[in-house]
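A.B. asks: Before we start, here is the structure in question, set down as structure tokens.
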Amino acid sequence: MKFEKITVCLDMYGCPNRCKHCWLGVTPNGNLSIDDLKFVAEQFRPFTDNLEVSDRYREEDYSDNYKELWRITSELSDTKTPHFELISYWRAVRDKEYVPWLASLGVKAAQLTIFGDEKTTDYFVGRKGAFQEILQTIDILFQYGIAPRIQTFIYKINIAQLPYIQYLIETLNLEKRCADIGREFDFFFHQGSCDGENEQFYDVWITPDDIEKIPHKLIDLTLKHFGKSHIRDVLGDTEKELYNQLAVDNSTENIVTNKPVFFIDKDFNVYPNYETPSPFWCLGNLKTQGAEVILRNYVNNRSIAQNIKLTVPISKMVIEHGDPESMRLFSKWDYKNYILHKYCRAWYAKNQL
Ligand code: SF4
1 MKFEKITVCL DMYGCPNRCK HCWLGVTPNG NLSIDDLKFV AEQFRPFTDN
51 LEVSDRYREE DYSDNYKELW RITSELSDTK TPHFELISYW RAVRDKEYVP
101 WLASLGVKAA QLTIFGDEKT TDYFVGRKGA FQEILQTIDI LFQYGIAPRI
151 QTFIYKINIA QLPYIQYLIE TLNLEKRCAD IGREFDFFFH QGSCDGENEQ
201 FYDVWITPDD IEKIPHKLID LTLKHFGKSH IRDVLGDTEK ELYNQLAVDN
251 STENIVTNKP VFFIDKDFNV YPNYETPSPF WCLGNLKTQG AEVILRNYVN
301 NRSIAQNIKL TVPISKMVIE HGDPESMRLF SKWDYKNYIL HKYCRAWYAK
351 NQL
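According to our numbering, the sequence shown holds residues 1 to 353 in order.
Following this line, the structure appears as structure tokens:
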């Protein structure tokens, strides 16, 4: 069994935040060792000539030895993707060497997530002080020629904060400061994906009538970011519209690829990076079963979610778990996963009894 490329992401230390929208799920932090990282790489090494090893799938550079981890993961990898434009603002305000190090790796932009004012942002991040750290990080990034990119998740409960976010962008002079370092300012909002912790917000998911509450300036920036011409192309269709389309769609899907990415949690459970690391996506445990069994489970669609996705038509899942009257806005891809997860949970509950 050989793959063109395998990417493995080991959640060694977790994350300082407890974001209420976290698609990866809010789980206890781990404290794994370099030997654990090497063990993971050794396990997958026989199955590809192009292995990429990452020390995390939650917070970038959260652990104190982030530079060593970058070096070791580079040594363990045949291909090393350049540092993502995702950074740790927790570290940026605590470690003077961090942002210069990012700049030395060629990072030119960094994404920061703001939900509204200080109280709102701290609430959604799940940590007091997060908003102030983000503001400090913006200043530090500019000092080293890195442009902040602002992301906002919108729900009915924070959409009234959008004018404040526009005010913040203007008072922090972000467009001009980005231009001064030769970058274009980038902002976007969306409702996030239907995964992990974000599910708790479905009761306050936005509907078409909320769109008129969004400032035009933020709509224009968001359209530019996504390269779209209408905001409904970003925010998606109503559940009612999607229900009607999918209720007559008898297709099934196989997610297996020749270049899989695997998430490995602190307990060495392995998940395909298609969706949230949850029990119904679990492919097995690397310590107790080894990579060969895990990869066979992947290829043969043996995780519960993969098996359901491959064998149950989306029409059946939607008719059983969709709401034909709901006006909540979803992208089609997200909605299909939302329905899949509802189906999986029902399956799980029934078969665990
Ligand atoms: S969304 Fe990102 S920063 Fe927030 S808890 Fe999840 S992994 Fe951490």
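We put the beta carbon where it would ideally sit given N, CA and C, even for glycine.
1. Closer than 6 Å is what we want: which residues have a beta carbon that near any heavy atom of the ligand SF4? List them in chain order.
2. For residue 383, count the other beta carbons within 10 Å of its own beta carbon; 16 or more makes it buried, fewer makes it exposed. Which is it?
3. When you compare only the Cα positions, how much space is there between residue 222 and residue 231?
4. Tell me which same chain residues have a C-beta within less than 7 Å of the C-beta of residue 120, skipping the five on either side of it?
5. Using C-beta distances below 7 Å, list every residue in its chain close to residue 116, excluding the 5 sequence neighbours before and after it, in chain order.
6. Tell me the rounded alpha-carbon separation between residue 325 and residue 240.
7. Out of 352, 94, 309 and 286, point me to the one whose CA is closest to residue 36's CA.
8. Taking only the alpha-carbon atoms, compute the straight-line gap between residue 181 and residue 69 and give it to the nearest angstrom.
9. Could you please give me the residues that DSSP links to residue 85 through a beta bridge?
10. Short of 8 Å in beta carbon distance, which residues of its chain neighbour residue 4, apart from the five on each side in sequence? Order them along the chain.
11. How should residue 248 be labelled, buried or exposed, when 16 other C-beta atoms within 10 angstroms of its C-beta is the threshold for buried?
12. Please indicate yes or no: does the CB of residue 231 lie closer than 8 Å to some heavy atom of the ligand GDP?
13. Suppose only complete runs of 3+ residues qualify. What are the beta strand (DSSP E) ranges in the region 191–268, listed by chain order?
14. What number of angstroms, rounded off, separates the C-alpha of residue 183 from the C-alpha of residue 208?
15. Between residue 173 and residue 141, what straight-line distance do the alpha-carbon atoms span, to the nearest angstrom?
16. By the DSSP assignment, the alpha helix (DSSP H) with residue 138 in it spans what residues?
17. Considering only C-alpha positions, which residue in the set 244, 280, 296 and 82 is nearest to residue 319?
18. Does the region 211–218 come within contact of the region 288–300, defined as at least 3 CB pairs closer than 8 Å?
19. For residue 333, does the count of other Cβ atoms within 10 angstroms reach 16, so buried, or fall short, so exposed?
20. I'd like the list of long-range same chain contacts for residue 114, defined as Cβ closer than 8 Å, with 5 residues on each side in sequence excluded.
21. The beta strand (DSSP E) that contains residue 148, what's its start and end?
22. As a quick exercise: from 292, 296 and 273, pick the residue whose alpha carbon is nearest that of residue 57.
23. Can you check which of these residues, 97, 279, 187 and 269, is closest to residue 64 by C-alpha distance?
24. Of all the alpha helix (DSSP H) runs that stay within the bounds of the region 7–90, which reach a length of 4 or more residues?
25. Within the continuous beta strand (DSSP E) that includes residue 113, where are the two ends?
26. By the 10 Å Cβ neighbour count, where 16 or more other Cβ atoms means buried, how is residue 105 classified, buried or exposed?
27. Here's the rule I'm using: 16 or more other beta-carbon atoms within 10 Å means buried, otherwise exposed. How should residue 143 be labelled?
28. At which residue ranges does the region 292–349 contain complete alpha helix (DSSP H) runs of 4 or more residues, listed in the order of the chain?
29. Classify residue 317 as buried or exposed, calling it buried when 16 or more other Cβ atoms lie within 10 Å of its own Cβ.
30. Is the separation between the beta-carbon of residue 279 and that of residue 304 shorter than 9 Å?
31. By the DSSP assignment, the alpha helix (DSSP H) with residue 122 in it spans what residues?
32. Check the DSSP bridge columns for residue 271 and list the partner residues they point to.
33. What distance in whole Å lies between the Cβ atoms of residue 137 and residue 92, which are believed to be in contact at a cut-off of 8 Å?
34. Roughly how many whole angstroms lie between the Cα atoms of residue 17 and residue 330?
C.D. replies: Reading from the atomic positions:
1. Residues with a Cβ closer than 6 Å to any heavy atom of the ligand SF4, in chain order: 15, 17, 18, 19, 22, 24, 58 and 59.
2. A question about residue 383 goes unanswered here, because the residues of the chain that appear run from 1 up to 353.
3. Cα to Cα, the separation comes out at about 8 Å.
4. By the criterion of a C-beta distance shorter than 7 Å, residue 120 is surrounded in its chain by 158 and 161, once the five residues flanking it on both sides are discounted.
5. For residue 116, same chain residues with a beta-carbon under 7 Å away, outside a window of 5 residues either side, are 158, 161, 164 and 165 in chain order.
6. Separation of residue 325 and residue 240 (C-alpha to C-alpha, rounded to the nearest whole angstrom) is 5 Å.
7. Relative to the Cα of residue 36, the nearest Cα in the group 352, 94, 309 and 286 belongs to 286.
8. One C-alpha to the other measures close to 29 Å.
9. Bridge partners of residue 85 according to DSSP: none are assigned.
10. Setting aside the 5 residues that flank it on each side, residue 4 is surrounded in the same chain by 48, 50, 258 and 259, each with a C-beta closer than 8 Å to its C-beta; the list follows chain order.
11. Residue 248 comes out exposed.
12. This structure lacks the ligand GDP; its bound ligands are the ligand SF4.
13. The qualifying runs are 261–264.
14. Their Cα atoms are separated by approximately 33 Å.
15. Going from the Cα of residue 173 to the Cα of residue 141 covers about 14 Å.
16. From DSSP, the alpha helix (DSSP H) with residue 138 extends over 130–143.
17. Ranking the options by Cα distance to residue 319, first place goes to 244.
18. As far as the Cβ criterion goes, the region 211–218 does not touch the region 288–300, which means the pair count is below three.
19. Per the 10 Å Cβ criterion, exposed.
20. So the qualifying residues of the chain are 121, 131, 134, 150, 151, 152, 165 and 168.
21. Where residue 148 is concerned, the enclosing beta strand (DSSP E) stretches over 147–153.
22. Here the closest residue by C-alpha is 273.
23. A check of alpha carbon separations from residue 64 across 97, 279, 187 and 269 identifies 97 as the nearest.
24. Qualifying alpha helix (DSSP H) stretches, in chain order: 34–44 and 66–76.
25. From DSSP, the beta strand (DSSP E) with residue 113 extends over 109–113.
26. Residue 105 should be labelled exposed.
27. Around the beta carbon of residue 143, a 10 Å sphere encloses fewer than 16 other beta carbons of the protein chains shown; the residue is thus reported as exposed.
28. Listed in chain order, they are 304–311 and 314–321.
29. Around the beta-carbon of residue 317, 16 or more other beta-carbon atoms lie within 10 Å, marking it buried.
30. Closer than 9 Å, so yes.
31. Run containing residue 122: 118–125, per the alpha helix (DSSP H) assignment.
32. Beta-bridge pairing links residue 271 to 263.
33. About 4 Å separates the two Cβ atoms, so the contact holds.
34. Going by C-alpha positions, residue 17 is about 26 Å away from residue 330.
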